[in-house]
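Below is one structure, written out as structure tokens; comments come after it.
Chains as they are written, first to last, in the numbering used here: chain A, 1 to 399; chain B, 400 to 798.
Structure representation (structure tokens):
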């Protein structure tokens with residue numbers, strides 16, 4: 001693409017993201033997700049928005065509250081977005097914490113606890129909801145709450161005995177998920193309130209990603225390694241989740257940008273993006289697949305070759321970010337590949353919002369708009385972030 | 400089919416099952432599965448039998464030991480089958496029990512514990528391995544061990560506080576899995592040793608299947624219900640697993656046969672089979688799908704429309720059994736449908752054994768022969784049981 005084409009390309013996507021967010025995704029969830037009786041939001045809705053299950057995902061209470069405030073802060077100052085964020089945070093504070101300070105995983109419509117798990121993702125999403133709402137509302141109390149919750153998260157994961165380990169003592173592992181989510185959680189909170197523990201955790205996670213999870217002998221970032229980054233030669237230890245790695249890549253690019261485009265971080269991030277794209281991109285059908293085995297054995301997750309919505313959205317953000325970081329046009333080409341695939345397969349033109357689960361060949365596996373794992377988060381976050389990135393890129397090119 | 404055709408049809412399948420078991424399935428697992436260094440068996444093998452992961456599934460130690468003894472008892476008195484059963488039971492007794500009497504879920508090749516879960520399926524499979532080996536070897540000690548283990552299982556599931564519940568106290572559920580597995584576990588053990596608790600548990604499970612899990616308002620047997628069989632109107636509560644239901648149907652037919660073809664049990668079993676076939680059979684591509692929602696909402700399990708090996712094998716047994724129970728030729732037609740589909744899609748003609756995981760359209764999703772959930776159990780059990788049923792049916796027709 002030449003300069004003119006590039007600007008036009010970015011302008012086109014910027015408009016698409018904003019339009020899709022404002023006129024499709026947010027109205028869908030404000031209409032079918034928000035629970036105007038009990039507060040909070042539902043996510044288990046079928047293709048046409050009809051409620052399939054009133055169980056409330058605690059992850060999604062935080063994710064939706066974050067998304068609404070994030071859209072408010074970056075796209076448009078719509079009061080209904082701010083209100084939706086606030087009423088969901090109220091629901092979280094009222095119903096989603098157990099007496100030990102840890103959070104539940106599922107609650108009923110009315111807020112009765114249903115399930116608690118051994119992780120701290122509920123807490124992470126609640127924390128970014130609070131910090132983002134603090135920015136949107138100007139109410140600093142929520143920034144303090146977010147920071148306190150972050151401190152709790154660190155206590156939970158660093159105090160042996162609080163979170164029940166999944167494996168026996170003979171199998172010591174550490175996971176990419178918690179390592180990467182803490183980068184994003186800390187960096188989101190830092191936008192609202194500064195504290196050295198946030199920067200320390202970001203440094204610690206970045207170190208661990210680079211030294212422990214990145215395995216150059218496979219050109220891969222692995223999901224599970226030993227305590228010192230040891231390669232675990234099992235189905236679990238060999239698993240690559242390309243979409244997850246690509247999400248990490250843009251979290252790192254975001255941190256690189258915060259550090260005035262720290263060169264080493266940009267290099268780490270683009271290496272992860274390049275590796276993971278190579279593993280994940282389906283050359284036959286297009287799109288990013290879910291899982292690969294780093295030694296090329298048959299992948300054991302049932303959904304290994306399916307195309308889920310969220311890896312595609314992470315790749316849209318990551319390729320735009322990598323282009324912003326490097327000006328390397330290959331990332332714009334990759335952005336075009338993933339965008340063309342995503343926009344031609346996922347949006348539901350009849351009922352709005354996007355499908356979440358496609359077969360390997362791109363046909364729809366099931367058309368529901370949400371469940372406990374899909375809801376108003378990855379898609380709107382992609383639109384908000386990518387809109388912002390496109391606008392920044394356009395400004396640079398036209399000034 | 401007329402009488403001659405039917406006899407020929409049954410003879411053909413009888414030979415196929417026996418031949419496939421003796422010359423394909425058992426040799427594959429004796430070659431690639433048996434661990435001749437440490438005892439026990441591996442199951443995580445790729446398409447060509449190469450070992451992908453040395454982690455040993457405790458379920459499969461019991462399942463393999465059972466399968467070998469069951470083949471020995473019903474098909475051929477091969478010493479290597481008896482030996483494989485014994486050395487796997489030795490591994491189980493040496494390494495697979497925790498100090499509290501409960502069993503692990505995964506151990507290393509050498510038997511170091513890796514993971515323990517909140518269920519008693521490891522114990523159930525170990526128990527049927529021991530009772531089947533008792534019959535094969537004539538060593539009554541193993542029948543006593545099986546019975547004692549069964550008593551332990553009942554203690555574990557009936558004593559609050561031993562198995563950690565998955566949900567909070569507000570969500571009381573009971574599961575089809577444990578209810579149905581206890582029918583089969585008890586009836587297998589009863590072949591080796593009699594005890595009133597076995598019959599009592601079978602009665603209790605049958606009652607529960609009929610009164611709690613069967614929901615005629617949906618023509619469905621549900622996987623999860625309330626403590627008194629209450630319908631739970633959530634994604635989880637609406638889930639139908641047709642293959643699982645069809646497995647239950649033949650467990651019940653086995654019990655009906657033991658009771659001189661108890662009419663009520665035959666009716667219950669064939670009702671479950673008919674309902675579940677209706678839900679599960681894929682009219683477009685053939686084969687049984689994994690999951691359905693009883694209210695017709697979009698099914699949320701990623702693998703909902705995939706074709707797994709084991710539901711097909713359960714349906715082969717169940718349709719033959721239903722034909723034996725009722726002489727209704729519709730079950731022979733169903734047997735032909737499921738057999739034609741299964742034998743044209745699952746066997747790997749190049750490397751032996753069967754694929755486990757097909758896409759909804761019947762193409763292979765991943766070609767490995769085993770993992771922690773697929774290994775030497777459903778396929779050989781189907782061949783042993785169906786061979787036996789065909790032989791019984793042929794004898795009846797020709798005498």
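Think of the CB as a built atom: it goes at the ideal place given N, C-alpha and C, for glycine as much as any other residue.
As the structure is a computational prediction, the values presented were derived from the model and not from experiment.
* **Reduced DSSP category for residue 746/B - H, G, I as helix; E, B as strand; rest coil** => Correct three-state label for residue 746/B: strand.
* Where the beta strand (DSSP E) through residue 764/B begins and ends -> 763-765 is the span of the beta strand (DSSP E), which, as asked, contains residue 764/B.
* **Rounded Cβ spacing between residue 470/B and residue 480/B (contact assumed at less than 8 Å)** => Their Cβ separation, rounded to whole angstroms, is 5 Å, which keeps residue 470/B and residue 480/B in contact under 8 Å.
* Option nearest residue 73/A by Cα separation, candidates 378/A, 168/A and 131/A -> Answer by Cα proximity: 131/A.
* To do: Taking residue 114/A as the query, report the chain B residues whose CB atoms sit under 9 Å from its CB, ordered along the chain.
  => Under the 9 Å cutoff, chain B gives 566, 567, 569 and 570.
* Under 7 Å between C-beta atoms, does residue 451/B make it to chain A? -> Interface residue (Cβ-Cβ distance to chain A less than 7 Å): residue 451/B is classified as such.
* Range of the contiguous beta strand (DSSP E) that encloses residue 792/B -> Per DSSP, residue 792/B belongs to no beta strand (DSSP E); it is in the alpha helix (DSSP H), 777-797.
* Asked: Applying the criterion that 16 or more other CB atoms from any shown protein chain within 10 Å of the CB defines a buried residue, is residue 778/B buried or exposed?
  -> Classification of residue 778/B: buried, given that the 10 Å Cβ count is 16 or more.
* **Beta-carbon proximity of residue 213/A to residue 221/A, cut-off 7 Å** => When the beta-carbon positions are compared, residue 213/A and residue 221/A come within less than 7 Å of each other.
* By how many angstroms is the C-alpha of residue 758/B removed from the C-alpha of residue 706/B? -> Cα-Cα distance, rounded: 6 Å.
* Asked: Is it right to say residue 660/B is buried, meaning 16 or more other beta carbons lie within 10 angstroms of its own, or is it exposed?
  -> That one is exposed.
* Roughly how many angstroms lie between the CA atoms of residue 498/B and residue 512/B, to the nearest whole one? -> Computed Cα separation, rounded: 11 Å.
* Contact set for residue 645/B: own chain, Cβ-Cβ below 8 Å, skip 5 residues either direction -> 671, 672, 675, 676, 679, 687, 710, 713, 714 and 717, listed in sequence order.
* To do: Compute the Euclidean distance between the alpha carbons of residue 625/B and residue 104/A, then round it to the nearest angstrom.
  => Taking the straight line joining both Cα atoms gives about 21 Å.
* Asked: Looking at C-alpha atoms only, which residue of 190/A, 7/A, 171/A and 138/A is the closest neighbour of residue 151/A?
  -> Looking at the Cα atoms, 190/A is the closest of the given residues.
* Could one say the Cβ of residue 785/B lies closer than 7 Å to chain A's Cβ atoms, at least one of them? -> For residue 785/B, no CB of chain A lies under 7 Å from its own CB, so it is not counted at the interface with that chain.
* To do: Could you pull out every residue in the same chain whose Cβ sits closer than 8 Å to the Cβ of residue 417/B, ignoring the five residues on either side in sequence?
  => Setting aside the 5 residues that flank it on each side, residue 417/B is surrounded in the same chain by 474, 782 and 786, each with a C-beta closer than 8 Å to its C-beta; the list follows chain order.
* Closest by C-alpha distance to residue 581/B, when choosing among 595/B, 594/B and 552/B -> Nearest to residue 581/B by C-alpha distance, out of 595/B, 594/B and 552/B, is 552/B.
* Residue span of the alpha helix (DSSP H) that contains residue 446/B, given as start and end -> Looking at the DSSP string, residue 446/B is not in any alpha helix (DSSP H), and its letter there is neither H nor E.
* Pairing CB atoms from the region 286-301 of chain A with CB atoms from the region 236-250 of chain A, are three or more of them under 8 Å? -> Yes, they touch.
* **Closest by C-alpha distance to residue 564/B, when choosing among 97/A, 117/A, 165/A and 135/A** => Minimum Cα distance to residue 564/B is reached at 117/A.
* Please classify residue 175/A: does DSSP put it in a helix, a strand, or coil? => Secondary structure of residue 175/A (DSSP, three-state): strand.
* To do: Using 10 angstroms around the beta-carbon of residue 726/B, count the other beta-carbons present and answer buried if the total reaches 16, otherwise exposed.
  => Exposed.
* To do: To the nearest angstrom, report how far apart residue 733/B and residue 685/B are at their CA atoms.
  => Linking residue 733/B to residue 685/B through their CA atoms gives a straight-line distance of about 11 Å.
* Are there 16 or more other CB atoms within 10 angstroms of the CB of residue 61/A, so buried, or fewer, so exposed? -> Counting Cβ neighbours within 10 Å, residue 61/A comes out buried, since at least 16 surround it.
* Beta-ladder partner(s) of residue 512/B, from DSSP -> For residue 512/B, DSSP records a beta bridge to 506/B.
* Within chain A, partners of residue 767/B - CB distance below 8 Å -> Neighbours of residue 767/B on chain A, chain order: 297, 298 and 300.
* To do: Using alpha carbons as the reference points, say which of 40/A, 52/A, 389/A and 259/A lies closest to residue 58/A.
  => Measuring from the Cα of residue 58/A, the nearest candidate turns out to be 40/A.
* Chain-ordered chain B contacts of residue 359/A [CB-CB under 9 Å] -> Within chain B, the residues near residue 359/A are 704, 758, 759 and 760.
* **Residues of its chain near residue 111/A, where Cβ-Cβ distance is below 6 Å and the 5 sequence neighbours each way are ignored** => Hits under 6 Å: 95.
* Check each residue of the region 51-79 of chain A: if its Cβ is closer than 8 Å to any Cβ of chain B, include it; give the result in chain order. => Within the region 51-79 of chain A, the residues whose Cβ lies closer than 8 Å to some Cβ of chain B are 52, 53, 54 and 55, listed in chain order.
* Asked: residue 54/A by DSSP, collapsed to three states: which one?
  -> Note: residue 54/A maps to coil in three-state DSSP.
* To do: Flag residue 234/A as yes if its beta-carbon sits less than 7 Å from any beta-carbon of chain B, otherwise no.
  => Yes, contact with chain B.
* Three-state secondary structure assigned by DSSP to residue 357/A -> It is a strand residue.
* Neighbour list for residue 440/B in chain A, Cβ cutoff strictly below 8 Å -> Going along chain A, no residue has its Cβ under 8 Å from residue 440/B, so there is no contact; the nearest lies around 16 Å.
* Asked: For residue 300/A, which of 427/B, 583/B, 763/B and 599/B has the nearest alpha-carbon?
  -> The option with the nearest alpha carbon to residue 300/A is 763/B.
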